[in-house]
């Protein structure tokens, strides 16, 4: 996020695009409700009538995979009306003429045709967003999980720069990160091309710094492989050993059948986790780690805030924190690491990671102690530190790009609409889009072991429009078969007008009906994110269906 | 009103219990007092919501005012003089508590909230005569069918915090006041099950309830609050980074609680944060390493054997195919320290940049 959770509600207009906030980030959803309570305007762009779409001033119910067309349409109208912020564009950005030319090459009507959103609504949204003092954009995987994910993000950034809505409270481009520490895992170098702090692995200075700090010679100076590329390299026999720490690719990755084949093929697979996950089935060695409630350490949240994780329990007998297991294996492989605590690792992180230079345990603890009983949401200084925080005198950075972008000037990238990889056909006449639901989480490793959650939602539910259910003879609550070019699953039908006719939605949390058995593996060429949001599918009633069956639409609230 | 020369912020000055203090326009008397560390009792006040002024427990005296004023709702003025405790205030608060107890079940020994109940605390602090007005406990028979939220409206004091947090903070409105006067009960519309009135099972109402009317169902009659150890930590589900307090007893988690004002979440949590942490207690947790045996089955082993197996195979493959034959998946669930160590291992010990995690999924 360029901004902080605390200033989300300060926007006059919020564009929420590709984020089902009240389910996937419920406590940020509270801030969206707060914005509505304060009389501000909300525009929701989402293929589904999600909860916030019902409360929004404007719901742009776009077809899955048409984000760029919609956003470009909005920008076309902003230019037609002369609502762009020329002062911001001239002083803070570059490449505007080329960008402007590309926007002018498509009309609002064309955007409406592609996205399915009425041209009138596109214009209204553009005017709402461009004419207020402060507008912000919140987005999530509904922007990124496409083979055009990078372009989608660039289009969002263009809209924000075109109207000068960045670098102040209540503005900005705010991706909501999905997992508790996905931000931190990226910050720490859990990516193929960077060390911690996004220092490039092909930058000689960064390599020299790490060699010095780690006391090793780093031979590999090339970018490594991403998850999806790893799976393909296993097929080719290039990758023979895979070490998985706290991930469950069998459920989380697209095209499950391919992942299964790869994991079955890899010569040696080590899986380290808290439960015997679906991925453990393929392991040669399984190592038991403890849960985060038994760990000391830090998590970094979606607004770059590093917060202290404290062990509430001793590690269950037989388990240990992940870093300790890694250290044991490292020493078997000849390294002489001597970390004695999570804090001792953070001390090293402070030394080699510029953004984390001043984020020490001492400061994090001192901040927790300062807290008064009267802290209100605005005064969140007592919770952790937001990077960049280069040294111990720095108080952290709540708003990025204020006054100046990280790269200097903001760059307008001309991006054009590209179709999703799969379109409907006679054989696969519907579109499946996937995501998260409120009660369960990711691959279910934790949430499906929580009785309090299973009592609420025990099964995988497929959202189906009442018209489709009627046509196919599908009753609410009955099991159905959903098939794509890659496989078939049998979830329970949830008949609801949250989805429009021709669209079905399903979360991917359920191993017994894994949505990712059906999803497309095609990657965005730059970010390597797979297109999980659009797959062509065929839906069938089981046992021939119940023609003319009484359909009971439900307001799915949980 | 004064203007701070550095910040340009307007401040005003008032007197609280004889002490001169500065305040910001818009501050309530309660806010100023809490900042000073002066304890004022409240039942209906919750900083997550607008002041309500319903319970009349936070009454204070303001010079020149017609009568006592509720500190939670009264905004401070320049030159105001506030007295937070006097014989009169003590008696008034005591009176309010006695009225509340006159139809309260007084079943503290079996109440889930005992030890964590504002009413219990204040009754003790204000040395109340238990039931000087007679005792007429409520006797509502109601639905209690939510898997995580236990409900006992007979213990309810009608402070409305559950009503307001669901309506004003969550924007939903599952709870409302039904009936009038003595018969008032907080209920769902038409007494429908919670699941039919849009409940998202966040348990925010439980976190708001100052007494034992709404409590954690799954830890009922399990461990008393004073027997638990309390640790503040960060939720391991989504990327918001909510803080909560893990209440533990010996080697297990009992319940997750929050206080208003806690963390960036201000004491708010969702269903997963509040009711989804029991996986740590699961008997199905992995507690022993496993290795694949000659028959191809995964069998329990010791750490020694499992790490031997990892070492042998990592060394074999590195020798046969080099570092480039390795890949590692770090974790969006693990800590920064875990992830740093993991990528350092893959890069610095194995010698490959084939490190990734499910950031894109």
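Protein chains in written order, with the working numbering: chain P, 1035 to 1592; chain W, 2 to 362.
All residues carry an ideal CB built from backbone N, CA and C; glycine is no exception.
Residue i versus residue j - alpha carbon distance
{"i": "residue 1374 of chain P", "j": "residue 1307 of chain P", "result": "21 Å"}
{"i": "residue 1093 of chain P", "j": "residue 1526 of chain P", "result": "28 Å"}
{"i": "residue 1036 of chain P", "j": "residue 1191 of chain P", "result": "11 Å"}
{"i": "residue 1594 of chain P", "j": "residue 1547 of chain P", "result": "Absent from the model: residue 1594 of chain P. The displayed extent of chain P is 1035 to 1592, so no value can be given."}
{"i": "residue 1273 of chain P", "j": "residue 1066 of chain P", "result": "45 Å"}
{"i": "residue 84 of chain W", "j": "residue 64 of chain W", "result": "8 Å"}
{"i": "residue 24 of chain W", "j": "residue 12 of chain W", "result": "6 Å"}
{"i": "residue 131 of chain W", "j": "residue 122 of chain W", "result": "13 Å"}
{"i": "residue 1494 of chain P", "j": "residue 1473 of chain P", "result": "11 Å"}
{"i": "residue 1063 of chain P", "j": "residue 1056 of chain P", "result": "4 Å"}
{"i": "residue 288 of chain W", "j": "residue 225 of chain W", "result": "28 Å"}
{"i": "residue 1146 of chain P", "j": "residue 1156 of chain P", "result": "7 Å"}
{"i": "residue 291 of chain W", "j": "residue 238 of chain W", "result": "27 Å"}
{"i": "residue 1159 of chain P", "j": "residue 1568 of chain P", "result": "24 Å"}
{"i": "residue 1236 of chain P", "j": "residue 1071 of chain P", "result": "49 Å"}
{"i": "residue 1148 of chain P", "j": "residue 119 of chain W", "result": "58 Å"}
{"i": "residue 1286 of chain P", "j": "residue 249 of chain W", "result": "31 Å"}
CB contact check: residue i to chain P, cutoff 8 Å
{"i": "residue 16 of chain W", "result": "no"}
{"i": "residue 232 of chain W", "result": "yes"}
{"i": "residue 219 of chain W", "result": "yes"}
{"i": "residue 225 of chain W", "result": "no"}
{"i": "residue 344 of chain W", "result": "yes"}
{"i": "residue 281 of chain W", "result": "yes"}
{"i": "residue 39 of chain W", "result": "no"}
{"i": "residue 312 of chain W", "result": "yes"}
{"i": "residue 349 of chain W", "result": "yes"}
{"i": "residue 148 of chain W", "result": "yes"}
Interface flag, residue i vs chain W, CB-CB below 8 Å
{"i": "residue 1207 of chain P", "result": "no"}
{"i": "residue 1071 of chain P", "result": "yes"}
{"i": "residue 1004 of chain P", "result": "Residue coverage of chain P in this structure runs from 1035 to 1592, which leaves residue 1004 of chain P outside it and unanswerable."}
{"i": "residue 1335 of chain P", "result": "yes"}
{"i": "residue 1166 of chain P", "result": "no"}
{"i": "residue 1261 of chain P", "result": "yes"}
{"i": "residue 1326 of chain P", "result": "yes"}
{"i": "residue 1492 of chain P", "result": "no"}
{"i": "residue 1280 of chain P", "result": "yes"}
{"i": "residue 1215 of chain P", "result": "yes"}
{"i": "residue 1372 of chain P", "result": "no"}
{"i": "residue 1381 of chain P", "result": "no"}
{"i": "residue 1410 of chain P", "result": "Caution applies to residue 1410 of chain P, whose pLDDT of 34 falls short of 50 and renders its modelled position unreliable; the value that the coordinates give is listed next. Interface residue, yes."}
{"i": "residue 1389 of chain P", "result": "no"}
{"i": "residue 1320 of chain P", "result": "yes"}
8 Å contact criterion, which residue i and residue j should meet: CB distance rounded
{"i": "residue 1260 of chain P", "j": "residue 338 of chain W", "result": "Actually they do not touch by this definition, with Cβ atoms about 23 Å apart."}
{"i": "residue 1535 of chain P", "j": "residue 1179 of chain P", "result": "About 23 Å; that fails the 8 Å criterion."}
{"i": "residue 1127 of chain P", "j": "residue 1442 of chain P", "result": "Contact flag wrong, Cβ pair sits at about 10 Å."}
{"i": "residue 308 of chain W", "j": "residue 1366 of chain P", "result": "6 Å"}
{"i": "residue 1497 of chain P", "j": "residue 1538 of chain P", "result": "6 Å"}
{"i": "residue 160 of chain W", "j": "residue 194 of chain W", "result": "Residue 160 of chain W to residue 194 of chain W, Cβ: 24 Å. No contact."}
{"i": "residue 277 of chain W", "j": "residue 1487 of chain P", "result": "5 Å"}
{"i": "residue 138 of chain W", "j": "residue 187 of chain W", "result": "In fact, because the Cβ distance is near 16 Å, the residues do not count as touching under 8 Å."}
{"i": "residue 1314 of chain P", "j": "residue 1349 of chain P", "result": "No, residue 1314 of chain P and residue 1349 of chain P are not in contact; Cβ-Cβ is about 19 Å, not under 8 Å."}
{"i": "residue 357 of chain W", "j": "residue 1225 of chain P", "result": "6 Å"}
Three-way DSSP call (helix, strand, coil) for residue i in this model
{"i": "residue 1322 of chain P", "result": "strand"}
{"i": "residue 1414 of chain P", "result": "With a pLDDT of only 45 at residue 1414 of chain P, under 50, the local geometry of the prediction cannot be trusted, and no value is derived from it."}
{"i": "residue 1408 of chain P", "result": "For residue 1408 of chain P, the pLDDT reaches just 39, beneath the cut-off of 50, and the residue's location in the model is therefore unreliable, although a value from the coordinates is still provided. Of the three classes helix, strand and coil, the one that applies to residue 1408 of chain P here is coil, per DSSP."}
{"i": "residue 1232 of chain P", "result": "helix"}
{"i": "residue 125 of chain W", "result": "helix"}
{"i": "residue 315 of chain W", "result": "helix"}
{"i": "residue 344 of chain W", "result": "helix"}
{"i": "residue 359 of chain W", "result": "helix"}
{"i": "residue 1502 of chain P", "result": "helix"}
*What residues in the stretch 1417-1438 of chain P bring their beta carbon closer than 9 Å to a beta carbon of chain C?*
The chain labelled as chain C is not found among the protein chains of the depicted structure, namely P and W.
*Start-end ranges of the alpha helix (DSSP H) lying completely within the stretch 34-122 of chain W, minimum 4 residues*: 88-102
*Could you pull out every unbroken beta strand (DSSP E) segment of at least 3 residues lying fully inside the stretch 166-196 of chain W, listed in chain order?*
177-179, 186-188
*Hey, which unbroken runs of the beta strand (DSSP E) at 3 residues or more fall wholly within the stretch 1330-1402 of chain P?*
1331-1334, 1339-1343
*Continuous alpha helix (DSSP H) assignments of at least 4 residues falling wholly in the stretch 1088-1167 of chain P*: 1101-1114, 1120-1126, 1130-1138, 1142-1149, 1153-1165
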